[in-house]
Structures are given as structure tokens and as C-alpha cells.
Amino acid sequence: LHGAGWKLLSACRGSCGLRPLTSDNERGMTRVVGGTNAETGAWPWLVSIQDPSIAGTGHLCGGSLISVQWVLTAAHCFADPRNISAMRVLIGATQLTEPGPGAEVRLIKRVVVHEEYGARDQSNDIALLELNEPVKCNQYIQLVCVPDATLDVARLQTCYVAGWGATTARAQKSSDILQEAKVHLINVQLCNSTEWYAGDIHPHNLCAGYPEGGIDTCQGDSGGPLMCKDNNADSFWVVGVTSWGRGCARAQRPGIYTSVKDFYDWILAKMELLPQVEASRAYAHLTTAAQPWTHQTNAAWPAQKCLKEDLGSFWGEEPGPSNRTQETASVMPWKAKVSLNSTCNTKSVHRWDKPWDSGRNR
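Using the UniProt record's numbering, the letters of the sequence shown correspond one by one to residues 1 to 362.
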């Protein structure tokens, strides 16, 4: 395995990216927007991040379980940190209203947003959640494999997206049952061409979907995984984090994802898995000019001092591209759902649209 898998797996029998309840057949050929329900336990690393203030299931964003106590998600889901103590993460569920016996719920101990996250252009749209206590792996809860820079993502041939987000571009609520779709990786240079995204895509982004549209992630899918099967094994890599897009399922407007392998060292550093010397190098470029402020959660740990730059400022501001931070139906059991107790003007969980687009905001 490439990357963090071997370092993060200790509590899941030394494996990652496996789906004990799912057979290896062609599935998910329809879309998350207008797509099909995922099988129970189909994506055991997918989580739902939930906010009790959101009507219905409270689903806000998706995420991927990369260790027994850490979830990988999008930074734009957590730009407003003031309601962290009201959030919960649902792990191991396919249907939000009936999670099933294999599901677990955790609170959020800590949110780590990339220090250089840009709310306007969705640059460095990646974040980590530390759960208040570890989960127990079972056939419904597994870890997804995390790639490092050596994985040639462009050569991977079988890729999926999943989430509890909107099933149509105009839907106002998320899906109760996880939705899944098979997608193709699209050349980033093509996606960045004049007729497509006209230069708005960053070097650390991936592009996935179909040139003709019709199959895509949407609001509520933000933070969830773009997953690709290893060409030589049965395991899946989380190669991307659902970030933004213009509309949902439009021609020449596929989904845009944060490339996980480009943030491999950042992930290890934040999880304190790098040697001290390497960690110091990883932090060397960061600035500390901003004034720290204290955020006290309701859990039994001490107050955390965070810089505003560490937390971002997405809610209450008009973002650049529309993210998919609204409720989404996701089909991966390793994907966690994050909820925020907030009255802010949040974006759809899956991706963001540009201000002039019909975005993925709620």
C-alpha cells in the first residue's frame, strides 16, 4: 500500500479500504444527483457530520474515517468553529434515520482546518476531525486507505463518489439513504480549459464526473470521499475530498475535489505521526501573526486556543465556488456526517458554486 495506510490501521486488523459486506461487481452506474441507494455497509469508512439545528436528519457534510479516531473532510464545512460542541458524527450507517446495530456516534474533540484554506477560491479545502473517543471496527465500520505522493492516481480506473446530499440540483434537503455513483477521473488541464472552469482549478485539485454531465455530487456531499479502487488489490483509496463545483451534474462542470495525496504530510503532521524534525519542516511555512482566541467545547477536555486562520471563515461569507455543504445522501459506511448547531448561512455539503451560479448552499 502507498501512503498512510500502514501507519493508521492498528485497530482494524492491519487493513484498509476493504468492504466486507459488498461484492466486487459493477455498481453505482447512476448518479448521486438522481442516483441509486447504496447497499448496506457499501462504504464503511463514510461518515455523516450532523448539526442538530438542521431540520430532518441534521446532515451537514460527509467525511472519511482514516483512523479509529480521525475523520478526513473539507475545510469549508468548519469555517465557523463556534458550535463544535453541538456537532455529532455518525459512523457505520447507510440510512440516517435508521443507522442500524453496527453504527456508532461520536462527538468532535478537535477540528483541524488547513492553515492556508481560502474561503473565496476553495484552495487547500481540507480538514481533520479528531473524535472524542476511538470507534470499533466491524463489518460496517472500516478505514479507507490514504495515499501518499507515490500513488499514480491518474492510472486508477474504478472510482466512486457517495454521500447523503441532494439527489437533484434543486433539492432542498438531503437524502436519508446513502447514494453512490461511479465517476471517471477527468484530466485537470481539460477541466481548467476556457470552456470548462477557465483556470479556477488549483494544482492540488482533482476533477471527476462526466464531460456530458448527468452524474455528479451535489449539496450535502461536501467533505465526502472520491474513492478509487487499487488496480492491483481489492482496497480503495480516498484520492479526493468533495470540495466544489458549478451547479450539479452540468455538462463541462464536473465535481472538483481536493487531492488527498498532495496533503499526505500535512495529514500525518496534524495527527502527530511524523517524526519531530519532519513535523517542524511541515510547519515552517506557517505564520503566527494573527491573535489567538479561545474556544471552549462542552466536552471534558480543556479549552483550545486556535488562530482564526486555522479555522477559516466560510459561514456567513460569500464563498468563491459553490461547495457542497448541504445535506447529502452518502453511501459509504466510513463516511461520517458532521452537524453544526448554527444559524449561519451554510453551504451545501458537497461543493460550492461561484457566486453567480446556483450554488450548493442551503
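No residue lacks a Cβ here, since even glycine has one placed at the ideal position from N, Cα and C.
Since the model is a prediction, treat every value here as computed from it, not as a measurement.
Which partner residues does residue i have in the DSSP bridge list?
i      : result
Phe236 : Lys229
Val111 : Leu129
Ile91  : Val47, Glu104
Tyr160 : Lys182, Met227
Leu266 : Position check: residue 266 holds Trp in this sequence, whereas Leu was assumed. Note: Trp266 sits in no beta bridge, so no partner.
His59  : Gln50
Ser193 : In DSSP, Ser193 forms no bridge with anything.
Asn37  : Gln179
Thr73  : Ala127
Gly118 : Ser123
Thr22  : Thr22 pairs with nothing; no bridge assigned.
Val241 : Pro225, Thr258
DSSP on residue i, reduced to helix/strand/coil?
i      : result
Asn138 : strand
Lys261 : helix
Ser174 : coil
Cys16  : coil
Ser123 : strand
Ile66  : strand
Ala208 : strand
Ile215 : coil
Ala249 : coil
Val146 : coil
Ala284 : Residue confidence for Ala284 is low, a pLDDT of 40 falling below 50, so the modelled location carries little weight and cannot support an answer.
Ile201 : coil
Gln304 : Confidence at Gln304 is low in this model, with a pLDDT of 39, below 50, so the placement of that residue should be treated as unreliable; the coordinate-derived value is given next. Three-state DSSP puts Gln304 in a strand.
Asn83  : helix
Ala42  : coil
Between residue i and residue j, which are expected to be in contact by the criterion C-beta below 8 Å, what is the C-beta distance as a whole number of angstroms?
i      : j      : result
Cys146 : Ile267 : Sequence inspection shows Val at residue 146; the Cys mentioned does not correspond to that position. 7 Å between Cβ atoms; contact.
Ser243 : Ala74  : 6 Å
Cys159 : Leu226 : 6 Å
Thr36  : Gln179 : 7 Å
Asp221 : Gly62  : 6 Å
Arg155 : Asn232 : 11 Å between Cβ atoms; not a contact.
Less than 8 Å between the beta carbons of residue i and residue j, yes or no?
i      : j      : result
Leu43  : Glu130 : Checking the displayed sequence, the identity of residue 43 turns out to be Trp instead of Leu. No, the pair does not count as a contact, with Cβ atoms beyond the cut-off.
Pro20  : Gln139 : yes
Gly255 : Gly209 : yes
Ile66  : Gly223 : no
Val153 : Lys229 : no
Thr94  : Val161 : no
Cys12  : Ser235 : no
Trp196 : Gln252 : yes
Val238 : Val144 : yes
Pro211 : Ile186 : yes
Thr258 : Ile126 : yes
Leu90  : Val113 : no
Ala169 : Ala38  : no
Leu107 : Arg88  : yes
Cys207 : Ile215 : no
Leu151 : Lys270 : no
Leu96  : Trp45  : no
Thr22  : Gly41  : yes
Ala119 : Ala79  : yes
Ile84  : Val47  : no
Got a sec: does the ligand GDP put a non-hydrogen atom nearer than 7 Å to the Cβ of residue i?
i      : result
Ile215 : Only the bare structure without any ligand can be found here, which leaves the ligand GDP out of the picture.
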